[in-house]
Amino acid sequence: MTRAPSLAPADRSTLLRRIAVTLLALAVFRIGQWIPLPGLDLAALGGSRMTSIMALGITPLLTALILAESAMCASPRLRRWAATPAGNARLWRAAIVVALVLASLQSYGVASSLGAIPGLIVSPGWQFHAGAITSFLGATLIVVLLASWITARGIGYGLWVLFGAIQAEAFLQPLLAQLPLLATGALSPENYLGNVALRFGVLAAAIAALATLVNARPPLSNAPELIWSPLVAGAIVSLLLTAFLLPIVLSAPDRADFVSTAAFNLNLPLTALATAAIVLARRRSFQPPGERVNVAAAAPAILLLVLFTSAATLFPYAQTAVLLAAVGLMILDNLRAAPRDTEAAPLARRRFAAT
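Residue numbers (our numbering): 2 to 356.
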């Protein structure tokens, strides 16, 4: 039986420094979530994160990268161009510009929503909107800088580290919210421990399943595919449902319940189909010109992602568990400094999150 090689002192020092940088960046991101927008009545805030300068979080940047990934899935030529250093740098700059445009649009919507709440804004008017938009844009730039800093100096691709931290909080928050109920006796210890065991059991199953695919010989999938596929598929389904169902709501407000039910019933089958299509399209985009995608080789990854998507009807946190597991595997690969796949990284370590 062989022992895993131990880290040299210099390697340990480098690893500790990277971990420290990552934790510091996450701390800055977290502190930003506690800073309220200027012009708000602090007494009326109520602790909502929608009133924080970080209310948009990583959404603008992640959305921009999802658009870029969608385009590369549709165009192998764009994928190959983005794999070059020059293409990578230009795509990263374009993603930042798109993220800022999205942030400006989203920030105006958030500012307008806050302005509709009586007593929340000290001095309503264009000054508040201008200050809110400026704050949100500045926060988006901070997110870009933190992601880049983690990528260059931390333990993994910065966007996915931030994304993983957000998903981890969402995964744990319901359990933390039940602690007061446990303390007052409104929730029995047995039920609470059952909830903990069930939630972490799903996470353990996701980790085991994804690790089996990634560590197979030859690999049946990789962490980037397991992250991007559900994200892109979810975005496409959301856009499709909005495009088809929103006009119905606008033209017939009394059919809102019907539209809500239709969206719920269509979401799962459409997401399953979109996930399969994205996995195949993404693999095709990495293939040399003229080669065909091995559908049979893609089947295990597709089946696993569809399985956990379907499980979300019983366990709403199943998809979060898959994303957490995939981010964890990606960080682990980065720490090992031994990539298991041969894909070029169009969203390279120096710029974009890995694909």
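Idealized CB from N, CA, C, for every residue including glycine. Quick caveat: nothing in here was measured; it's all calculated off a predicted structure.
query                                                                                                                                                                  : result
I'd like the span of the alpha helix (DSSP H) that includes isoleucine 332, first residue to last.                                                                     : 319-337
Indicate whether the contact test is met: 3 or more Cβ pairs, each with one atom in the region 14-21 and one in the region 86-105, closer than 8 Å.                    : no
Given 8 Å as the limit, is there contact between the region 267-274 and the region 241-254, that is, 3 or more CB pairs closer than that?                              : yes
Using the three-state DSSP reduction, which class does isoleucine 228 fall into: helix, strand or coil?                                                                : helix
I'd like the list of long-range same chain contacts for leucine 57, defined as Cβ closer than 7 Å, with 5 residues on each side in sequence excluded.                  : Ala104, Gln107, Ser108, Phe137, Ala140 and Thr141
Using the C-alpha atoms, what's the distance from leucine 247 back to alanine 227?                                                                                     : Contrary to the premise, residue 227 reads as leucine rather than alanine in this sequence. Those two C-alpha atoms are separated by around 30 Å.
Between which two residues does the alpha helix (DSSP H) containing serine 440 stretch?                                                                                : The chain is shown from 2 up to 356; residue 440 falls before or after that span and cannot be answered.
Can the beta-carbon of threonine 276 be found closer than 7 Å to that of leucine 306?                                                                                  : yes
Which residues in the same chain have their Cβ closer than 7 Å to the Cβ of arginine 337, if we skip the five residues on either side of it in sequence?               : none
State yes or no: is the C-beta of alanine 207 within less than 7 Å of the C-beta of alanine 326?                                                                       : yes
Compute the Euclidean distance between the alpha carbons of glycine 202 and asparagine 192, then round it to the nearest angstrom.                                     : 15 Å
How is the alpha helix (DSSP H) around tryptophan 93 delimited, first residue to last?                                                                                 : 86-116
Does leucine 221 come out as helix, strand or coil in the three-state DSSP assignment?                                                                                 : coil
For the 8 Å Cβ check, are there 3 or more pairs between the region 283-301 and the region 161-179?                                                                     : no
Bridge partners for serine 53 per DSSP, in chain order?                                                                                                                : Pro37
Whole angstroms is fine: what's the gap from alanine 298's alpha carbon to alanine 282's?                                                                              : 13 Å
Looking only at its chain, what residues have a beta carbon closer than 6 Å to the beta carbon of aspartate 12, apart from the 5 residues adjacent to it on each side? : none
Under 7 Å between the Cβ atoms of valine 144 and isoleucine 151?                                                                                                       : no
Give the DSSP-derived three-state secondary structure of isoleucine 208 in the structure shown.                                                                        : helix
Just the Cα atoms here: how many angstroms apart are asparagine 223 and alanine 209?                                                                                   : 13 Å
Using beta-carbon positions only, say whether threonine 52 and isoleucine 156 come within less than 7 Å of one another.                                                : no
Tell me isoleucine 122's beta-bridge partners as DSSP assigns them.                                                                                                    : Leu41
Got a sec, what are the start and stop residues for the alpha helix (DSSP H) leucine 160 sits in?                                                                      : 159-178
Relative to the C-alpha of leucine 194, which candidate in Ile279, Val294 and Leu180 has its C-alpha closest?                                                          : Leu180
Verify whether the separation of the beta carbon atoms of alanine 302 and phenylalanine 309 is less than 7 Å.                                                          : no
Quick check on proline 61: buried or exposed, where buried means 16 or more other Cβ atoms within 10 Å of its Cβ?                                                      : buried
Out of Ala236, Ala217, Leu63 and Leu41, point me to the one whose CA is closest to glycine 126's CA.                                                                   : Leu41
Hey, quick one: how far does the alpha helix (DSSP H) through valine 144 stretch, first residue to last?                                                               : 127-154
Quick check on proline 290: does DSSP put it in helix, strand or coil?                                                                                                 : coil
Apply the 10 Å Cβ neighbour rule to glutamate 170 and answer buried if 16 or more other Cβ atoms are within range, or exposed otherwise.                               : exposed
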